[in-house]
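Visitor:
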Amino acid sequence: MKARIALVSRELYPFGGGGIGEYISACARLLAQVADVTVFTSSLHEDAYRRLRALADPRLLPDDVEIVFVPEAHSDEIGGYFSVLHLYSARVLESLRAHCRRHGPDLIEFSDYLGEGAVTVQARRGRDPMLRDSLVAIRLHTSAEVCAVLDGYIDDQLASRM
């Protein structure tokens, strides 16, 4: 039985962004040779993905890599969450749960630029039964906070501190 791997990133090549999106695409292509790979990415890419798929664009991931689009969060939906990205993080877990049902993937890797993995990590640490046998990894390519500090800006708003 092949390992099941979930790669989670709001960025995905060829839909803009920087090196993280390219890393996710390259990693998914490589791992698909030995595992069942699913990429969880922002629903902001869904329309462009469908257009490129209709054109059989060779830059897209091969058919053996499944793509799940996580619903983007908007500021008017925040409710009890600390920020739009906290809500998006919760939607990532909801998408994982809907896709995997009872048993999470063997590995869930987050390219955690903006805290996308926070809710899943909290659920894993809280012994969520779906994640019991899943390794949850955070690949910290960089972070928005580190970029801001290096650019000489320290944001003290609640959402940034959270």
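Going by numbering that gives the first Met the number 0, the final residue of the sequence shown carries number 161, and the count climbs one at a time with no gaps.
Where is the CB? At the ideal position from N, CA and C, for every residue including glycine.
Where are the alpha helix (DSSP H) runs, 4 residues long or more, that stay fully inside the region 42-125, in chain order?
Guide: If we require 4 residues or more, the alpha helix (DSSP H) runs fully inside the region 42-125 come out as 45-53, 83-99 and 117-124.
Visitor: Looking only at its chain, what residues have a beta carbon closer than 6 Å to the beta carbon of PHE14, apart from the 5 residues adjacent to it on each side?
Guide: On the sequence shown, position 15 is the one that residue 14 refers to. Only HIS44 and ALA47 meet the Cβ criterion.
Visitor: Buried or exposed: which applies to ASP150, given that a residue is buried once 16 or more other Cβ atoms fall within 10 Å of its Cβ?
Guide: Taking the sequence shown and counting its residues from 1, the one referred to as residue 150 is at position 151. The residue in question, ASP150, is exposed, as its Cβ has fewer than 16 Cβ neighbours within 10 Å.
Visitor: Using only the alpha-carbon positions, how far apart do VAL135 and PHE109 sit?
Guide: Looking up residue 135 in the sequence shown gives position 136. Looking up residue 109 in the sequence shown gives position 110. Using only the alpha carbons, I get a separation of about 8 Å.
Visitor: Pull the bridge partners of LEU6 from the DSSP assignment, please.
Guide: Locating residue 6 in the sequence shown gives position 7, counting from the first residue. Looking at the DSSP assignment, LEU6 forms a beta bridge with VAL38 and GLU108.
Visitor: In terms of residue numbering, what span does the alpha helix (DSSP H) encompassing LEU30 cover?
Guide: Mapped onto the sequence shown, residue 30 falls at position 31. 18-30 is the span of the alpha helix (DSSP H), which, as asked, contains LEU30.
Visitor: By DSSP, does LEU134 sit in helix, in strand, or in coil?
Guide: As a working note, residue 134 is residue 135 in the sequence shown. Looking at LEU134 - three-state DSSP - the assignment turns out to be strand.
Visitor: Can you have a look at ASP111 and say buried or exposed, based on whether 16 or more other CB atoms are within 10 angstroms of its CB?
Guide: Along the sequence shown, read from residue 1 onward, the residue named residue 111 stands at position 112. Classification of ASP111: buried, given that the 10 Å Cβ count is 16 or more.
Visitor: Taking GLY114 as the reference, which of PHE81, SER42 and ARG101 has the closest Cα?
Guide: Position 115 of the sequence shown, counted from the start, is the residue given in the question as residue 114. Of PHE81, SER42 and ARG101, the residue nearest in Cα terms is PHE81.
Visitor: So, for TYR12: in the same chain, excluding its five sequence neighbours on each side, which residues have a beta-carbon less than 6 Å away from its beta-carbon?
Guide: Within the sequence shown, the letter at position 13 stands for residue 12. Closer than 6 Å at Cβ, skipping near neighbours: GLY20, GLU21 and SER24.
Visitor: Give every residue of the same chain whose Cβ lies closer than 6 Å to the Cβ of ARG3, excluding the five residues on either side of it in the sequence, and list them in chain order.
Guide: As a first step, residue 3 is located in the sequence shown; it is residue number 4 there, counting from the start. Excluding positions up to five away in sequence, the list reads ASP35, PRO104 and ASP105.
Visitor: Could you check whether ALA97 and LEU86 sit closer than 7 Å to each other, using their CB atoms as the reference points?
Guide: The residue you call residue 86 lines up with position 87 of the sequence shown. The residue you call residue 97 lines up with position 98 of the sequence shown. The answer is no: Cβ separation not under 7 Å.
Visitor: Assign GLU93 to one of two classes, buried (16 or more other C-beta atoms within 10 Å of its C-beta) or exposed (fewer than that).
Guide: As a first step, residue 93 is located in the sequence shown; it is residue number 94 there, counting from the start. By the 10 Å Cβ count, GLU93 comes out exposed.
Visitor: What's the call for SER74, buried or exposed, on a 16-neighbour Cβ count within 10 Å?
Guide: As a working mapping, residue 74 is identified with position 75 in the sequence shown. When all chains shown are included, SER74 counts as exposed.
Visitor: So what's PRO13 in DSSP terms, helix, strand or just coil?
Guide: Working through the sequence shown from its first residue, we reach residue 13 at position 14. PRO13 falls in the coil class under three-state DSSP.
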